[in-house]
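*Asks:* Have a look at this one before I ask anything.
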Amino acid sequence: MNNQYSLLIADDDEITKEGIRNYLLRQFPSIGHVWTARDGLEAYEVFEKKRPDIIFTDIAMPRCDGLELIETLHQNGYSPKVVIISAHENFSYAQNAVRLGVGDYLIKPVLPVKIKEITQKLLDEIMRHDTFLKDIGEMMSKYQESLPILRERFFHSLIHEELSEKAIQEKAKLVELDLTGKSYTVVVLKAARTQECRNAPEKFAQFLSAVIGTVFPPDIRAYHMMIGSSSEVLILVSDDPDTRRLFRTVNASLNRLLAGAKKHAFVQAGGALGRQYGSAEGIRKSYREAMNTLLAAGGRPTGTLCNYEDISQNQGMEFRMSTELENSLLQSVKYQPYSRCAELIDRMAEQAAGFQNVRFEYIKTYFLKLTVLILRELQVTYGEKADLTVRFDGLFATQDLESCLSWFRIFIGNIVACYQKFNEEKGNSLVNRAKHIINDHISDSDFNIDDVASVLYISSNYLRQIFRQQSKESFVEYLTRVRMEKAMELLRDPTIKIQDIAERTGYSNQRYFSVCFKKHFGKTPTEFRSG
2 MNNQYSLLIA
12 DDDEITKEGI
22 RNYLLRQFPS
32 IGHVWTARDG
42 LEAYEVFEKK
52 RPDIIFTDIA
62 MPRCDGLELI
72 ETLHQNGYSP
82 KVVIISAHEN
92 FSYAQNAVRL
102 GVGDYLIKPV
112 LPVKIKEITQ
122 KLLDEIMRHD
132 TFLKDIGEMM
142 SKYQESLPIL
152 RERFFHSLIH
162 EELSEKAIQE
172 KAKLVELDLT
182 GKSYTVVVLK
192 AARTQECRNA
202 PEKFAQFLSA
212 VIGTVFPPDI
222 RAYHMMIGSS
232 SEVLILVSDD
242 PDTRRLFRTV
252 NASLNRLLAG
262 AKKHAFVQAG
272 GALGRQYGSA
282 EGIRKSYREA
292 MNTLLAAGGR
302 PTGTLCNYED
312 ISQNQGMEFR
322 MSTELENSLL
332 QSVKYQPYSR
342 CAELIDRMAE
352 QAAGFQNVRF
362 EYIKTYFLKL
372 TVLILRELQV
382 TYGEKADLTV
392 RFDGLFATQD
402 LESCLSWFRI
412 FIGNIVACYQ
422 KFNEEKGNSL
432 VNRAKHIIND
442 HISDSDFNID
452 DVASVLYISS
462 NYLRQIFRQQ
472 SKESFVEYLT
482 RVRMEKAMEL
492 LRDPTIKIQD
502 IAERTGYSNQ
512 RYFSVCFKKH
522 FGKTPTEFRS
532 G
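The number in the numbering used here is simply the position in the sequence shown, starting from 1, with 1 added.
Here is the structure:
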């Protein structure tokens, strides 16, 4: 064992002091140094220089006694382990020692066995504390390593989920981000992939990561994330309540950024900005506005910026259906059959028909915006795989609500088909991974669907849904089946006890294992083995 611990003995009795010192060095290989002092003042000087882990101190010493030494140590912020030594039992001394946090008290003549017992106890306490600090350090190290991933997930939920202001701020603190401010804006930037520069998005992402800290003035905090395979997103948080000044500052900074990307990274990029909001809850809205603006402007980088305000100057951009109805459709295209989406479109048609005093162009603009949003959600989820050609000219050519909705229904049908195809591919992959995880953990009696979902970074409900869709059996049914099949295989070896087989297949109770086995195979494990 390495000599890693040290002690200090303060006593004006040389025989006692040296006796304890020599005994400790013989009995404890882990003690590397034992220093001595004649009184409390000398002991304090030694402590400040050497910082021993444990102090043995006599109470009655000249100049400065043991209790004064302990009090001085505490007043200066030191808290070593302390053992009081006294020539006689003294209740008032003991009371003061307890007040100062000293729990160990030795009476002279000190017995070696008592010294050994107390020293071992204190060393064990120190080792446990050191181990605790080491574990905490490792946990913090792992946390710091995973922090970028945790932040990425947080940003993803921030722009895709409806979170309250309180929830946003609490989650931000957990990933060590400061999202307190007076104004929030989202910027979406995209680099053009050309024949000459096929890796333009990657080069732009590297350039952006390198310069993001210098793009904006100090009162604007910029948080950078990537969405899909080619879009860069900036969440801007500012303490400046002057929205006009902030608008000018942000646009000027971003234009310099795009010019720098062209000059230094040799890529042409463009972008779009959502509106400013006074709370973090507006980040999601600002992101959607930025995405809509980028797509409404053609979706292709042109080297310029486009603000949401630039394309929303007419009433048509503000025409809205029921938010609940719109959100239902946005979710249904991802996971529901077309029939469910058709029902929602019919309800939209009823609502739109009620706006008799609104020009049709405004309604058509709304469906254009919704189309762009749905298409973008598909692209964000599946990246370049989502190569769906949409003939917007067909929508532009519509002259009435009926023809507009007819075009929209066809579009939604194509979107649903895409999601079904990609979800099936994704589901197959996830379910196969889930089955591998299950097979590796069938001996764990506490293993459940939450454990698998956490490894795959998906929700338990989603895993439960796709597992049944792809496997034609539930998670529990599959887990039980593989356990039973493994048990049947082990039962063929007569040297393995049934209790051991139960434990190897995740059943801590042999009786319950037998019940499950009989229910599955029609025989108890004993009957199966004998027959």
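We put the beta carbon where it would ideally sit given N, CA and C, even for glycine.
1. Count the CB pairs spanning the region 41-51 and the region 14-28 that are closer than 8 Å, and state whether there are at least three.
2. Can you give the beta carbon distance from Pro-526 to Ile-502, rounded, assuming they're within the 8 Å contact cut?
3. Spatial neighbours of Arg-348 within its chain, please: C-beta separation below 7 Å, excluding the five flanking residues on both sides.
4. Since I believe Arg-410 is in contact with Ala-343 (beta carbons under 8 Å), could you give me their beta-carbon distance rounded to a whole number of angstroms?
5. Report the residue from Leu-70, Gly-33 and Arg-289 whose alpha carbon sits nearest the alpha carbon of Glu-46.
6. If I follow the unbroken alpha helix (DSSP H) through Ser-461, where does it start and stop?
7. Relative to the alpha-carbon of Glu-19, which residue among Tyr-79, Pro-81 and Pro-113 has its alpha-carbon at the smallest distance?
8. Under 8 Å: do the region 172-192 and the region 280-298 share three or more Cβ pairs, one atom per stretch?
9. Does Gln-380 pass the burial test, meaning 16 or more other C-beta atoms within 10 Å, or should it be called exposed?
10. Please state the DSSP three-state secondary structure of Leu-371.
11. Would you list the residues sitting across from Cys-307 in a DSSP beta bridge?
12. Nearest to Thr-481 by alpha carbon, out of Ile-443, Asp-13 and Ala-281?
13. Whole angstroms are fine: how far does the CA of Lys-422 sit from the CA of Val-432?
14. Cutting at 8 Å between CB atoms, please list the residues of its own chain near Leu-331, excluding the five before and the five after it.
15. Suppose only complete runs of 3+ residues qualify. What are the beta strand (DSSP E) ranges in the region 143-225, listed by chain order?
16. Put Val-234 into one of helix, strand or coil per three-state DSSP.
17. Which class does Ile-443 belong to by DSSP, given the choice of helix, strand or coil?
18. Tell me whether the beta-carbon of Phe-412 lies closer than 7 Å to the beta-carbon of Thr-366.
19. Is the region 209-221 touching the region 272-286 in the sense that three or more CB pairs, one from each, lie closer than 8 Å?
20. Taking the Cβ atom as the reference point for each residue, do Ala-206 and Ala-193 lie within a distance shorter than 7 Å?
21. Please report the Cβ distance between Asp-59 and Asp-13, rounded to the nearest whole angstrom; I am assuming they are in contact, meaning their Cβ atoms lie under 8 Å.
22. The alpha helix (DSSP H) spanning Phe-518 covers which residue range?
23. Any idea what DSSP makes of Gly-41, helix, strand or coil?
24. Could you tell me whether the Cβ atoms of Ser-232 and Lys-191 are closer together than 7 Å?
25. Among residues of its own chain, excluding the 5 on either side of Arg-257, which ones have a beta-carbon nearer than 8 Å to its beta-carbon?
26. Would you tell me roughly how many angstroms separate the C-alpha atoms of Met-318 and Arg-360, rounded to the nearest one?
*Replies:* Considering the structure as presented:
1. no
2. 7 Å
3. Leu-326
4. 7 Å
5. Leu-70
6. 461-472 is the extent of the alpha helix (DSSP H) around Ser-461.
7. Pro-113
8. Touching, yes.
9. buried
10. helix
11. Ala-273
12. Taking only the C-alpha atoms, the option nearest Thr-481 is Ile-443.
13. Taking the straight line joining both Cα atoms gives about 15 Å.
14. Hits under 8 Å: Leu-374, Ile-375 and Glu-378.
15. 184-192
16. In the structure shown, Val-234 sits in a strand (DSSP, three-state: E or B).
17. coil
18. no
19. no
20. no
21. That belief holds up - the Cβ atoms of Asp-59 and Asp-13 are roughly 7 Å apart, short of 8 Å.
22. 511-522
23. Helix.
24. Contact: yes.
25. For Arg-257, where only same-chain residues beyond five positions count, the Cβ hits under 8 Å are Val-216.
26. Unreliable placement is indicated for Met-318, whose pLDDT of 44 sits below 50; no coordinate value is reported for it.
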